[in-house]
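Heads up: the protein sequence lines correspond to chains A and B, in order.
By this note's numbering, the letter at position 62 of the first sequence is numbered 301, and the numbering carries on one by one without gaps.
By this note's numbering, the letter at position 318 of the second sequence is numbered 440, and the numbering carries on one by one without gaps.
In this text, a Cβ means the ideal position worked out from N, Cα and C, and glycines have one as well.
Down below is the structure, laid out as structure tokens.
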Amino acid sequence: MKLVVFLLALLPLDRLIYLGFTDGLGANPIEFITRSTGTWALVLLCVTLAMTPLRLITGSSQPIQCRRMLGLFCFFYACLHFMIWLWLDQNFDLVAMLKDVVKRPFITMGFLSLVLLIPLALTSSHWAQRKLGRRWAVLHKLIYVISITVILHYWWHKAGKNDLQTVWIYAGVVLILLSCRIPMIRNQLTKLKPR
Amino acid sequence: MSYKDPQILQSDITPQAVYEKRRQLIQAAAAGSFGLALAPWFSREALAANPQSLAATPNPLYAGKDGLTPLKDVKGYNNFYEFGTDKRDPAENAGSLQTRPWTITIDGLVKKPMTFDIDALLKLAPMEQRVYRLRCVEGWSMVIPWDGYPLSSLLNKVEPLGSAKYVEFVSLADRKQMPGVNSPILDWPYREGLRLDEAMNPLTLLTFGLYGEILPKQNGAPVRVVVPWKYGFKSAKSIVKIRFTEEMPVTSWYKYAPNEYGFYSNVNPAVDHPRWSQASERRIGDPKGIFAPKIKTQMFNGYSDQVASMYAGMDLKKFY
């Protein structure tokens, strides 16, 4: 099961590599790669967030067993997304990069999302989980904050062109997934579990 | 038995070895680094055989030193929201556009309001080919050989009145032909505008083709303007109406987000877009490959000599 999820999560990267070798990235390949990795980071964030409601509904523990890997893949695509920007847009100029982070809200939100993902990735091991005990669960609630900063990042990026359709879809998905954490809805989901 | 033409002297015939050497040179040029700029010109052979071709004389004043953007990128990567918001949408959806019959109506503050048929427009002035840089407000750029003639040739026909200060362009907005018009992205029809002196500037091209081919539908067929010192969206596509006015026209993007898309929208590396810097740009089809670094954006997209005087004394941060 885990192997299948691993291979599936690698598909977006495989696709980019394949397209890269077959001249399939279009007229503006950098834009294509940046948007693709950004989109897949967001998709994997949503999938990661979907594991808890999935467990509640099915009663199976398998979703939770895959959750860490999915979260790390989200971080992986977010890092690719960030590195392409840092390399090809900012030319590794850290001062220019930080200026952009401060000056432009949509970059601020993207950068903040990545920074907040780092402690989650670092504490994803069983060892860290044991070490942190109850604090681990509290720390990993950061993912709720991140899902909002990511949507803001996406929304702000698209806002100037009045092209918000896809943003609203993702915002809706995130909203539904977050609402599954509200105790009342959570209880309702548990009742769906087959007995 | 071989045929010998008595009119052709032996000395007139290029020896085969020399002939082949030439072909090699041409091929080497097409394949080599300077050939990357020339390659599209060699590919024009294919277009010449196409009935869709458009005869235009290259204007050496606008030959340009920049390598041309490959035709497939010029045709495959477009902002033309009437056909969808994705860059690939116009190439996919613009097939439904009917470019004939087509007329442009010119009215407003003019002595002789007129309606021109597309065939009359094509014959109105000698067609020339000009290589222009195109800079999109989104931070990418292309180099395109456009075919057309100065817009002033057309505008002078209707004899503008002294009170006319601006020119407004209105693009076609037909739900049947243009699927994007069904989405409330902008207040259709698309409207753009220029100050009269900008419209009359010899650089402003009324454009009917590119790369010696009649304008592809996704690039604004059958007739558009090209204003090379301004961001791409100022160059209205598929124009059906031109109107002379005294007041500054309210353009579509200005109406949607005035703080992001000013009326002038001159290419200016010193004035940022609110969400990104305009100091540099990514050249589409850069021969250095996909990891080519961005290039520096030039003031007025490199056309300062021809246009800067029109803005003398103006605060270009205020009038962005």
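Mark residue i as exposed unless 16 or more other C-beta atoms lie within 10 angstroms of its C-beta, in which case mark it buried.
{"i": "Gly399 of chain A", "result": "buried"}
{"i": "Thr273 of chain A", "result": "buried"}
{"i": "Ile323 of chain A", "result": "buried"}
{"i": "Ser293 of chain B", "result": "buried"}
{"i": "Val429 of chain B", "result": "buried"}
{"i": "Glu281 of chain B", "result": "exposed"}
{"i": "Val354 of chain A", "result": "exposed"}
{"i": "Val377 of chain A", "result": "exposed"}
{"i": "Ala242 of chain B", "result": "exposed"}
{"i": "Gln193 of chain A", "result": "With chain A covering 240 to 434 only, the question about residue 193 of chain A has no answer from this structure."}
{"i": "Phe156 of chain B", "result": "Here Phe156 of chain B scores only 46 on pLDDT, less than 50, and its place in the model should not be relied on; the value that follows carries that caveat. Exposed: under 16 other Cβ atoms inside 10 Å."}
{"i": "Glu368 of chain B", "result": "exposed"}
Under a three-way DSSP split, which group does residue i fall into?
{"i": "Gln420 of chain B", "result": "coil"}
{"i": "Ile421 of chain A", "result": "coil"}
{"i": "Tyr442 of chain B", "result": "coil"}
{"i": "Asn330 of chain A", "result": "coil"}
{"i": "Gly399 of chain A", "result": "coil"}
{"i": "Trp398 of chain B", "result": "strand"}
{"i": "Arg166 of chain B", "result": "Bear in mind that a pLDDT of 47 at Arg166 of chain B, under 50, signals an unreliable position, so the model cannot answer this."}
{"i": "Lys338 of chain A", "result": "helix"}
{"i": "Tyr88 of chain B", "result": "In the structure as shown, chain B starts at 123 and stops at 442, and residue 88 of chain B therefore has no counterpart that could be examined."}
{"i": "Pro251 of chain A", "result": "helix"}
{"i": "Val253 of chain B", "result": "strand"}
Which chain B residues are close to residue i, counting only those with a beta carbon under 7 Å from its beta carbon?
{"i": "Pro268 of chain A", "result": "Ile412"}
So with CB distances below 9 Å, who are the chain A contacts of residue i?
{"i": "Arg397 of chain B", "result": "Arg343, Pro344, Phe345, Ile346, Trp395, His396, Ala398, Gly399"}
{"i": "Tyr199 of chain B", "result": "Gly265, Ala266, Asn267"}
{"i": "Ala379 of chain B", "result": "Ala398, Gly399, Lys400, Asn401"}
{"i": "Asp241 of chain B", "result": "Near Asp241 of chain B there are no residues of chain A at all, since even the closest Cβ is about 32 Å away, more than 9 Å."}
Can you name the start and end residues of the beta strand (DSSP E) that residue i belongs to?
{"i": "Pro268 of chain A", "result": "Looking at the DSSP string, Pro268 of chain A is not in any beta strand (DSSP E); the run it does join, the alpha helix (DSSP H), is 268-297."}
{"i": "Tyr271 of chain B", "result": "262-272"}
{"i": "Ile412 of chain B", "result": "Neither: Ile412 of chain B is in no beta strand (DSSP E) and is coded neither H nor E."}
{"i": "Val347 of chain B", "result": "346-348"}
{"i": "Asp239 of chain B", "result": "236-239"}
{"i": "Thr347 of chain A", "result": "Unbroken run through Thr347 of chain A is the alpha helix (DSSP H), 344-361; no beta strand (DSSP E)."}
{"i": "Ile281 of chain B", "result": "The amino acid at residue 281 of chain B is misidentified as Ile; the sequence shows Glu. Careful: Glu281 of chain B lies outside any beta strand (DSSP E) and carries neither H nor E."}
With distances taken between CB atoms, is the gap from residue i to residue j smaller than 8 Å?
{"i": "Tyr425 of chain B", "j": "Pro350 of chain B", "result": "yes"}
{"i": "Ile361 of chain B", "j": "Ile226 of chain B", "result": "yes"}
{"i": "Ala289 of chain A", "j": "Leu416 of chain A", "result": "yes"}
{"i": "Glu382 of chain B", "j": "Pro396 of chain B", "result": "yes"}
{"i": "Val393 of chain A", "j": "Val406 of chain A", "result": "Sequence inspection shows Tyr at residue 393 of chain A; the Val mentioned does not correspond to that position. Yes, the pair counts as a contact, with Cβ atoms nearer than the cut-off."}
{"i": "Gln521 of chain B", "j": "Asn181 of chain B", "result": "Nothing about residue 521 of chain B can be reported from this structure: the residues present for chain B run from 123 to 442 only."}
{"i": "Arg405 of chain B", "j": "Gly261 of chain B", "result": "no"}
{"i": "His280 of chain A", "j": "His320 of chain A", "result": "For clarity, residue 280 of chain A is Ala in the given sequence; the question names His instead. A contact, by the Cβ cut-off of 8 Å."}
{"i": "Phe215 of chain B", "j": "Pro301 of chain B", "result": "Sequence inspection shows Asn at residue 215 of chain B; the Phe mentioned does not correspond to that position. Yes, the Cβ-Cβ distance between Asn215 of chain B and Pro301 of chain B is below 8 Å."}
{"i": "Val196 of chain B", "j": "Met249 of chain B", "result": "no"}
{"i": "Phe202 of chain B", "j": "Gly342 of chain B", "result": "yes"}
{"i": "Leu391 of chain A", "j": "Lys397 of chain A", "result": "no"}
How would you list, in chain order, the residues of chain A whose beta-carbon sits under 8 Å from the beta-carbon of residue i?
{"i": "Ile406 of chain B", "result": "Ala266, Asn267"}
{"i": "Trp262 of chain B", "result": "Asn267, Glu270"}
Alpha helix (DSSP H) containing residue i: first to last residue?
{"i": "Thr227 of chain B", "result": "Counting along the chain, Thr227 of chain B falls outside any alpha helix (DSSP H), though it belongs to the beta strand (DSSP E) covering 225-230."}
{"i": "Lys370 of chain A", "result": "365-371"}
{"i": "Thr367 of chain B", "result": "First-last for Thr367 of chain B: 361-367, but that is the beta strand (DSSP E), not the alpha helix (DSSP H)."}
For residue i, which residues in chain B fall below 8 Å Cβ to Cβ?
{"i": "Asp402 of chain A", "result": "Thr207, Ile307"}
{"i": "Leu255 of chain A", "result": "Ordered by position in chain B, no residue passes the 8 Å Cβ test against Leu255 of chain A, which lies about 11 Å from the chain."}
Interface residues of chain B around residue i at Cβ under 9 Å?
{"i": "Leu391 of chain A", "result": "Neighbours of Leu391 of chain A on chain B: none; closest Cβ ~13 Å, over 9 Å."}
What residues of chain A sit near residue i, judged by a beta carbon separation below 7 Å?
{"i": "Glu382 of chain B", "result": "Gly399"}
Could you check whether the Cβ of residue i sits closer than 7 Å to any heavy atom belonging to the ligand FAD?
{"i": "Leu371 of chain A", "result": "In the structure shown, the ligand FAD is absent, as is every other ligand, since no ligand is present at all."}
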